[in-house]
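Here the structure is laid out as structure tokens; the discussion comes afterwards.
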Amino acid sequence: MVEATSKANGGDAVATDVAAAGKARAKRGIRFRYARYVARRLLQAVPIIVVIVLINFTLIQAAPGDPVYALIGQMETTPEYIAQVREEFGLDEPLPQQFLSYIAKIATFDLGYSFRFRQDVSGLIFERVPATFLLMGTALVISSLLGIGLGVIAGRRPFGWTDNAATIFALAGFSMPVFWLGQLVLLVFALKLPWFPVQGMVSLRAPSHGWGYIASVLHHLVLPATVYGIYHLTLIFRMTRIKMMDVLVQDFITTARSKGAGERRVLFVHALPNAILPVITVIGYNFGFMLAGSVLVETVFGWPGLGRLMYEAINARDYPLLLGLFVVISLFVIIANVLTDIIYALIDPRILYR
Amino acid sequence: MTDVLRIDDLTMHLETELGTVRAVENLSLRVDEGEAVALVGESGCGKSMTALSIMRLLPPYARFRSGSIRVAGKDLVTAPERAMRQIRGGTIGMIFQDPLTFLNPLRQVGEQIAEAVRLHTGAGRVEADAQALEALRRVRIADAENVVHNYPHQLSGGMRQRVLIAIAVACRPSLLICDEPTTALDVTIQAQIMELIDNLRHELGTAVLLITHDLGLVAQYCSRVYVMYAGQVVEDAGVREIFQHPRHPYTQALLQSSLRPDRVSEDFAVIDGQPPQLLAPPPGCRFHPRCPRVFDPCPSAMPGLDRAGEGRAMVRCHLEEAHQ
Amino acid sequence: MTIETSSFTVASQPSGLRIFFRNRASAVGTAVLILLVLLAVLGPVLSPYDPLSIGVGETMAPPSLTHIFGTDELGRDIFSRASLGVGVSLFVGFVAAAMSSTIAILIGCISGYFGAFVDDVLMRMTEIFQVIPRFFLAILLVAFFGASIVNIVIAIGLLSWPESARVIRAEVMSLKNRQYVSSARIAGASTASIIFGEILPNALGPVIVNATLQVGQAMLLEAGLSYLGLGDPNRISLGLMLHQSQEIMRTAWWATALPGSLIFFAVLAANLVGDGLNDLFNPRARAR
Amino acid sequence: MQWMRMLAFAAGAFCAALMVATPPVAAQQRGGTMVIALSGEPSALVGFLHTDTGGHSIAANIFSGLVGLNEDFEPVPELARSWEISKDGLTYTFHLDPNARFHDGVPVTAEDVAFTFNDVVAKYHPSRGSWWPNVESATAEDEHTFVMKLKKPFPPLLTLLAYQLRSGAEILPKHIYEGSDPMTNPANEHPIGSGAFKFVEWSKGSHVVLERNDDYFMEGKPYLDRLIFQFIPDPNTRILAFERGEVDFIDYTAVPHNEVARLAKDPRFKLLTGADAIAVQGMWLLNVRKGPLAKNEVRQALSYAIDVNEISDKALFGAGRPAHSFLNSNLKWAFNGSYDVYDRDVEKANELLDEAGYPRGDNGIRFTINILWAAGRPYDGKSAEIIRDQLRDVGVTADVKTYDRPTFIEKVFDQWDFDTAMQLYSTGPDPAISVVTRYHTKQINHSPFTNAMGYSNPELDKIFDEDASEVNEEKRKENWDEAQKILMQDLPAIPVFEFPDGHLANARLMDAVTGPYGYFQSRHNAWFKD
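Protein chains in written order, with the numbering used here: chain R, 1011 to 1364; chain D, 14 to 337; chain E, 2 to 289; chain V, 122 to 651.
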């Protein structure tokens, strides 16, 4: 919210004082409503979490395929050994018991033990989170900024040539299977034109520290973040464009113009904040899709994040890890949604009064 | 008396995909300093398009074909955009029909008023805030100190309209265009708002161009009336003359319908037939398909807007020509 | 909108088709989709080669007159396979979209029409489904229940409905108190016939737009699943072809080029059509 | 590679005690980092926790075994500088290198060796059941002498000990593991061994870094400063990273077969071809329990119906060889390809099927079988496709189905719910270790990679049992000759191809592969030429 510091240095001093008092009162009221709103949103998330845990467990239990083989690897073994592993990991307990202990464990963030990696699931997941968030954050920020920018330009003159060009560009990246796009990008920008590294998060052959390390990470980040971001960019772009089209024909825009506001002011001060509201919701709702999509991008680019973990967990049928990943990712998505709702309320206070 | 607005022979077309919409044709209009003038007509007759033409807030596919709009010595048809920005909100303020949709829902009303002040006076933030508060008081909002920090959705319809008026008059314009300012409001509030506008006219010396279909308001608050039909002015007269001796058959029909309170509606349903399509207006007199007094020349020849006698109304009707 | 342009155009609206095709891109999209459907239907007939047969040509033969898009590493005709693949991919796309739209319509209508408690429950459910990382869940579903085309379609279809359901709910809520609905109610029409006969037809626009976009989405999802080794190996979809031929991408570019660009064009076309339909159903985009 | 010589494997080369395996090289240059691509992240680095080849390829550099194998499959010294075997073949005495130290500076003693076998391998190693029951005792005689006594003679013991993936013979530090639960010992995360390289870090999801062990017991080695194992799951990305120079070595399981020819020609790269001891065969497993496949004639007919040359040409892009026996030709002393009489002969196949009582139906089809294969193994998928195509000529319809690996393993090896399946089987380093487990009646036991076919031939079982304790080399060769003859006759599976065993390497990388375990050998001999 734009709030002016109210130091009276001109104008009607009395009026300013009164205004300041009014402002303070209004602020208090809105703070209270705000806290109440955030609390309500957090409360609403609880049943969602419970349902997600339940869905996870049901789904994975219903699956065919014995997780014991994930543990044994690629070599021949004896039945005794299989039985030993089965017992060791409680796979022979009855289902309800497995589920109850699972719920109890989740409450303490004990997500179980990964067969495949022989490690605690929560530790395994959280040590991969930073890499994914770095990749996703970069992709998200860049694609959101670009998407909104392009959307504003295109939505201002719908069906003009800039609009058509931007639409086609955005759609083109969006319409390719991400893994194929990734491979093509690698072929062109890593092999034919050796500008960027093929895989990994940092150059291992020549270890670096400090700024050199950061530079190396950034260098490795370019291609995967671009490919990762394209889908999101298109989504944001289209949403912004449509909303800009909607908002720009709305009445208050006419009011703004009739006040004598210039085109840029109309676009960015009046239209964009209104157009961006649903866009923010879209970012929130697509957070989950994006996190899950990391499995493709991270596998193609060998990025050591959650997606890779997911890939190996799926291949190995690592049940505890899959369950844990699903819980954690869903949690992230819920948090992301609550955050977007909070940001939404920052921009649009109307929601606080419902 | 000097005029604050003078429109001469204005023709404005909308070039849509379906063809040319003749939104405003050969329209001439004048508003003098401090005067309240009404522009009356059915919805779709081009009266709002006329207002938007003055503000030059037309859709991008609108084209001026001829004529001029003179305000403070400038022709707004050809003025550069930068100059228009000074006119909008500075020289001319405008208020609109639906007070909710015309306010930015995401900004406090104080900010929205202050914005107008800052755009035109170069005042600092604090100064502008103070002026915004002042403007709110000017439009008789009680508890203005709190209302400046309210969002539009927290206000009642009448309050919102007052805020819009405050925005429009924040810079003391010489002309206030009111486009159906009371249509969306309760009858009791309507009267208050009209009183407010009338008071501001006296206080600030601002001329008012009232665009409405409500002849009752016209009778009460305006001195002169332009009746518009299908993009054209069909009658231009003093308020008393219009009500006592309406000359154009369309004006007569309008008056009749407005005398029947049960049938008051924007569509003037009492007049038989449909308002004409401005995409393909009927040949000859635009009103002839609905005119109860249609005769020979009507379907083929367009009547001119002629004075019906010295000091009397200007009327666009073959009957008038026949009289002479 | 109070700018009076709308009232000018109301008198004579351009026909739906005209609005749709005004956007040249959506016209192109429609044409591409029709071509792809034709390819799927006629391709297997036109193509002289059995798509499953290996060794109908040299292995990894570049495009030539006999094999217009070359052959793959088993000497199978890529064009014949791709025309088969287009059919499978379009099937996945359309059926999944139809499925999710059906669910969306049911949930959206019931929720919007009955409101109150029913609405609360259904909307909370929708919210949950919206929050679940869907691609991941689709992966799980397919991984667990087997990589058959039916499972893939179900997995995609089951997970894509929440957005549409919300849109329909909103439409239904705004429509249910309109006069024509009330009069139908007074006339004694059954709830079902009110919802599906009176309200739904008027709320269908956004659903169709969403469904069109989902056709493309579903095809991409299917390709993604194929990349993860979760495609149905007995149904050559474009995604599966693309993934399998990636192995020889460097040696025989044509092996990935055709399935890849067919997916590309299909998804692009679906999106363009969706945009066009959006113009058609969105009155704001109309006023011009 | 030139240094591969055509020598028959001498299984009884027990006296080769002091053979030195170091290739005669002039001036190895020191320094450099070798980056090795792995297709997946290992589950653990210590051997007793897993049988994961990728993990083992790292562990082999951190830990030392008692013995290794040279390129002729002969045992060579590692931690054991020399050894003696008693005449009855029951007692093995190993003399440890007195210079050997663990990475924390503690000397390696016979106590550590005995502890490793008695307290870890015997209790935890996944494949202990296949050989440990035959061990009478494993004891430390003195500080540097370790003795292992067997119940029955087991000639491939040294070969097995060198094959640490199966035997678990990676010597662990007793002082760190004693008294703890080895499964959860924190040292598993930060392994301490006596190998040529020390563990530095395991960046989860990304890579493992090892650095030179300056105190390595082999004088002057290793040459490299660092080893990095990077996990790159996507095969295309892996090969791009290799071409781009980010990776120096790709083992044979991760080499893209269609790229081999192109990359081998590139002067920046080389293909390291040498007979691999694991000797992997692509097998078409036939479930002999039910239906047409229960009949030997039908299985023979299928073998006539398919063309293994076409399969290895197309499914492996010519990088592999067609298989002609149940043993891989890498096992030179035992391999006999002369029992493969099944050159493609559609007429003969049709005849056999007619005789077996499966005439063509009205639609020309005799019966339908399924072919299962595991996702992620395109060569198996392609082989299945080609087989399906080839079977059409004899009126057999094949329904090709793929499953992800865990499901595939469960369906084939646990539930036996399949008609036929594509599967890679190792046949080395000694067939007594790896081939017996596939076809012995005792191996019909629901375990992965065992006799899922349900094949049982008492005559063959007898040969297998006798061979397990046969000391005489000539006799063993006869045993395996007979076994191959029986198997090629009975066909519980059809040998399809010999899996390509060439590794791709940076042309500057020298001596990275100095034995038959190119995938997971210690890289102490490797160095970079300028």
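Quick reminder that beta carbons are idealized off the backbone N, C-alpha and C, glycines included. Since the structure is predicted, the reported quantities are computational estimates derived from the model, not experimental observations.
When secondary structure is reduced to three states using DSSP, E/D78 falls in the strand class. With 16 or more neighbouring CB atoms inside 10 Å of its own CB, D/R101 falls in the buried class.
Taking 3 residues as the minimum length, the beta strand (DSSP E) runs contained wholly in the region 525-608 of chain V are 541-547, in order along the chain. Beta-bridge annotation (DSSP): D/R95 is not paired with any residue. Residues of the region 1242-1271 of chain R whose Cβ lies closer than 8 Å to any Cβ of chain D, in chain order: Q1260, D1261, F1262, T1264, T1265, A1266, R1267, S1268, K1269, G1270, A1271.
Linking V/Q642 to V/G636 through their CA atoms gives a straight-line distance of about 8 Å. Within the same chain, P550 come within 6 Å of V/Y284 by CB-CB distance, once the 5 residues on both sides are set aside. Counting only residues of its own chain and dropping the five nearest sequence neighbours on each side, V/L282 has a CB closer than 7 Å to the CB of G186, L187, V188, S288, A290. The beta carbon of V/E264 sits closer than 7 Å to the beta carbons of T230, A231 from its chain, once the five residues preceding and following it are set aside; these are given in chain order. Listed along the chain, the chain V residues whose CB falls inside 7 Å of the CB of E/Q247 are N357.
When C-beta distances to chain R are compared with 9 Å, the residues of the region 101-118 of chain D below that value are R101, G102, G103, I105, G106, M107, I108, F109, Q110, D111, L113, T114, F115, L116, N117, P118, in chain order. Between V/G403 and V/L545, the beta carbon gap of about 6 Å places them in contact (Cβ cut-off 8 Å). From the beta-carbon of E/Q131, the residues of chain R found nearer than 8 Å are Y1295. Judged by beta-carbon spacing, V/I297 lies beyond the 7 Å limit of V/D233, meaning their Cβ atoms are not closer than that value. Annotation: the region 352-401 of chain V contains the following complete segments of the beta strand (DSSP E) (minimum length 3 residues), in chain order: 390-393. Annotation for V/R629: F649, K650 place their beta carbon closer than 7 Å to its own, counting only its chain and skipping 5 residues before and after. With respect to chain D, the C-beta atom of R/D1358 has a partner C-beta closer than 7 Å. Check the Cα spacing between V/D193 and each of V/A573, V/N430, V/G639, V/R644: the tightest is with V/G639. Runs of the beta strand (DSSP E) lying entirely within the region 180-246 of chain D and spanning at least 3 residues, in chain order: 188-192, 220-225, 237-242. In this model, D/A136 and R/E1273 are separated by some 20 Å (Cα to Cα). Closer than 7 Å to the CB of E/L85 there is not a single CB belonging to chain V. The secondary-structure analysis by DSSP pairs V/N491 across a beta bridge with V/D520.
Residue-level contact by beta carbon holds for R/P1283 and chain D, with a gap shorter than 7 Å.
Closest option to D/E128, judged by alpha-carbon separation, among D/A181, D/C58, D/R175, D/T24: D/A181. Within the region 302-316 of chain V, no residue places its CB atom closer than 7 Å to a CB of chain R. In the DSSP assignment, R/V1307 falls within the unbroken alpha helix (DSSP H) covering 1282-1311. Beta-bridge annotation (DSSP): E/A271 is not paired with any residue. Between R/T1172 and R/I1158, the gap from beta carbon to beta carbon reaches 7 Å or more. Proximity of E/P134 to chain V, defined by a Cβ-Cβ separation below 7 Å, is not satisfied.
Taken atom to atom, the span from the alpha-carbon of E/S112 to that of E/S102 is near 15 Å.
Look at V/Y213 here: in three-state DSSP terms it is strand. V/M269 is bridged by DSSP to V/Y213, V/A259. Rounded to whole angstroms, V/M543 and R/V1232 show a C-alpha spacing of 41 Å. Rounded to the nearest whole angstrom, the CA to CA distance from E/I140 to E/L226 is 7 Å.
Remark: C-beta atoms of E/F70 and E/I79 approach each other more closely than 7 Å.
According to the DSSP secondary-structure assignment, R/Q1129 is paired through a beta bridge with R/S1124.
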